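Per mature numbering (1 follows the signal peptide of the UniProt record, and there is no 0), the sequence shown runs over residues -23 to -1, 1 to 527. Glycine residues also receive a C-beta, built at the ideal position from the N, C-alpha and C atoms. The structure displayed is predicted, hence computed values, not measured ones. Written below as structure tokens is the structure these notes are about.
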Amino acid sequence: MAITAGLLPHLLVLIFLTSSTAAAPGGGKWDLLLSNIGISAMHMQLLNNDRVVILDHTDFGASNISLPNNRCRNNSRDQTLKIDCTAHTVEYDVASNSIRPLYVFTDTWCSSGAVMPDGSLMQTGGFNDGDRTVRVIEPCNDGSCDWQESNNSVLTKSRWYSTNHILPDGRQIIVGGRGQFTYEFYPKRAGADQSYNLPFLSQTNDPRIENNLYPFVFLNVDGNIFIFSNNRAILFDYINGVVVRNYPAIPGGDPRNYPSSGSAVLLPLQLGGANVTADVLVCGGAPKGSFTSANNRRFVRALNTCGRIRITDPNPQWVVETMPLARVMGDMVLLPNGNIFIVSGGSSGTAGWDLGRDPVLTPIIYRPNNPELKFEAQNSSSIPRMYHSTAVLLRDGRVLISGSNPHAYYSFTGVLFPTDLSIETYSPDYLDPRLARVKPQIVSPASHSQIGYGQELNITFTSQGRINRDFIKVTMVAPPFSTHAFSMNQRMLVLNNGDDSSGVVTSLGKTGYQVRVVTPGSSSLAPPGYYILFVVYREVPSQGIWVKVK
């Protein structure tokens, strides 16, 4: 049978979907954007102006990018350079593919952060003179914005290797840190500026290794928070300071948090039904004892398992799945279509200075709803991304990846894994030009529109080719703060599924469509702030638009 031009887009979609269930490696495309952004990307966050804020730390000496206007840091507490005229944080402009140096005074080494409801990035803690500091940068389009820093006594405890998460009321909870078995909130409330004990963090702490650093924290759909530390997890009522539930230990009992450095993600929340369920996926890491072995120059093979648990079940149990590749220090990125992209890291050793080995150049896509084959290897990168590398989703559907510096200083020669200052993107298969005809294009609402809770939202979009309206869905993604193999505050909601009026698609002429969805019903489902909204046809997403949930 001859293939007509009208059938070609549908055929390509079928080919694309069929290939997703095959055992052979998938595709995807890698592009090197810049070979030198000036710093190594220890931390990354996408803001709602499509700029990515990138940070390293200040206590290692000069970076490879100068501060503008002959500006210098004059810091008597700096452990390497008291006067430093280079930048340790930059802004990457996605549209222009350019870098702008920013100024930060206090040390952001192994710090944490998340975006506030107003769109500003709040960044907390670190090392040395930055361990109790709060830093804020507001997005701008004219190059005028920069970091605003508090003094080093705003946080009540030293927060080094802690985790942040946005709460339903718009505040951030800051959990743990090196030597800290506590949590606190920011912004502070009058008369409530203290920290609070969390015995679970001390119970999961190995004093020789501290496998409870950068705990995995997710807001559950009931408003409590899920906290995973070492190999165990709890559901925590932070308002009353009560553990609501103790989950079983992950099978095998191996640690998954820093320095064992697996990664974790809250799987997409399917809205629309009476009861919203929530699943957490924890992948990779290093077996028990790996950190000690690596310090003795014996590099143990990383874990190749993922544990998945439905944290809303009455009797939740872990289900173990096997990845095609072992991985430690990998990043997990929620893609617009609900799949998970797992990238970077090594296949032996642990996190820490020069403790990782055998780079994993091949990323994996995990399809949570595919019962036949959940994992699929993708095309490989040529750049090792080891300790201190990061990855974030961009609004156009690409994944931005940068960093890798397993050294206390910048080392470009004479080392196994040189410091890497490049930045690249991975374009998943859904960005294949052959799928352009079925790619949705959002017409309305306009980007940066404000939406409320539990409201009907009409989204107009176009498609060059004919589409089957039964395969349209709408997703919303909260862009995370990525550092040390964990993306804080990463969250996705699927809006058009359920027994109500959500997900109704109508035709508007030959190429136009309108999909009617219902926005999340509460701030426990979607904390206030900026999200990227996508229309997805089968597995092919539109370019996203920014929406503000308020």
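When the Cα atoms are used, Ser379 and Lys527 turn out to be separated by approximately 32 Å.
Pairing Gly429 with Leu44, the inter-Cα distance amounts to about 41 Å.
Membership of Gln180 in the alpha helix (DSSP H) is indicated by the continuous run Pro176 to Gln180. The DSSP assignment places complete beta strand (DSSP E) segments of no fewer than 3 residues inside the stretch 142 to 222 at 149 to 152, 159 to 163, 193 to 196, 202 to 206 and 209 to 214, in order along the chain.
Spanning the alpha carbons of Gly153 and Leu412 requires a straight line of approximately 45 Å. Here the stretch 270 to 289 makes no contact with the stretch 422 to 437; the two share fewer than three CB pairs at distances below 8 Å. For Ser270, no beta strand (DSSP E) encloses it; the enclosing alpha helix (DSSP H) starts and ends at Ser267 to Asn272. Comparing alpha-carbon positions, the option among Ser325, Gly323, Val259 and Thr269 lying closest to Glu298 turns out to be Val259. Considered as a whole, the stretch 355 to 408 harbours 366 to 370, 376 to 380 and 400 to 404 as its complete beta strand (DSSP E) runs of no fewer than 3 residues, in chain order. The beta carbon of Gly103 is closer than 6 Å to those of Asp84, Thr85, Trp86 and Ser88 in its chain, skipping five residues each way along the sequence.
Per DSSP, Met300 has no beta bridge partner at all. Under the three-state reduction of DSSP output, Phe104 falls in the coil class, being neither helix nor strand.
Counting only runs of at least 4 residues, the stretch 227 to 291 fully encloses the following alpha helix (DSSP H) elements, listed from N- to C-terminal order: 267 to 272. Ranking Gln432, Gln56, Leu24 and Gln22 by CA distance to the CA of Phe37 puts Gln56 first. Here the stretch 61 to 81 makes no contact with the stretch 142 to 156; the two share fewer than three CB pairs at distances below 8 Å.
Across the structure, Pro291 and Val257 are spaced so that their CA atoms are roughly 15 Å apart. Pro228 and Asn217 have their C-alpha atoms some 30 Å from each other. Secondary structure note for Phe318: its beta strand (DSSP E) is the uninterrupted segment Ile317 to Val320.
If you look at Gly326, you'll find it in the beta strand (DSSP E) that goes Gly323 to Gly326.
Distance between Phe177 and Phe158, taken at the CA atoms: about 8 Å. Beyond the five residues adjoining it in sequence on each side, Glu516 comes within less than 6 Å, by CB distance, of Asn314 and Tyr407 in the same chain, given in chain order. If you draw a 10 Å sphere on the C-beta of Pro184, you find fewer than 16 other C-beta atoms in it, and that means exposed. DSSP lists Met99 as the bridge partner or partners of Ala91. Sequence-distant Cβ neighbours of Asn189 in its own chain, meaning closer than 7 Å and more than five residues away, are Gly153, Leu178, Thr181, Asn182, Ser206, Asn207 and Asn234.
One alpha carbon belongs to Glu161, the other to Thr488, and they sit about 51 Å apart.
Counting C-beta pairs closer than 8 Å gives fewer than three between the stretch 112 to 127 and the stretch 439 to 447, which falls short of the contact rule. Distance from the Cα of Ala169 is smallest, within the candidate group Leu23, Val131 and Tyr343, for Val131.
Taking C-beta separations shorter than 6 Å and ignoring five residues to either side along the sequence, the partners of Lys134 in its chain run Gln157, Thr159 and Ser172, following chain order. By the neighbour-count criterion, in which 16 or more other beta carbons inside 10 Å mark a residue as buried, Ser366 falls on the buried side. Approximately 6 Å separates the beta-carbon atoms of Gly5 and Ser404; this is inside 8 Å, confirming the contact. Its Cα nearest to that of Ser17, the residue Tyr364 stands out among Ser358, Asn466, Ser519 and Tyr364. With a contact defined as Cβ atoms closer than 8 Å, Leu472 and Val454 miss out at about 11 Å. Here the C-alpha atom of Asp335 lies approximately 31 Å from the C-alpha atom of Glu68. Cβ atoms of Thr439 and Phe511 stay farther apart than 8 Å, at about 15 Å.
As computed with DSSP, Arg109 is found in no beta bridge at all. The beta carbons of Ser238 and His461 sit closer together than 8 Å.
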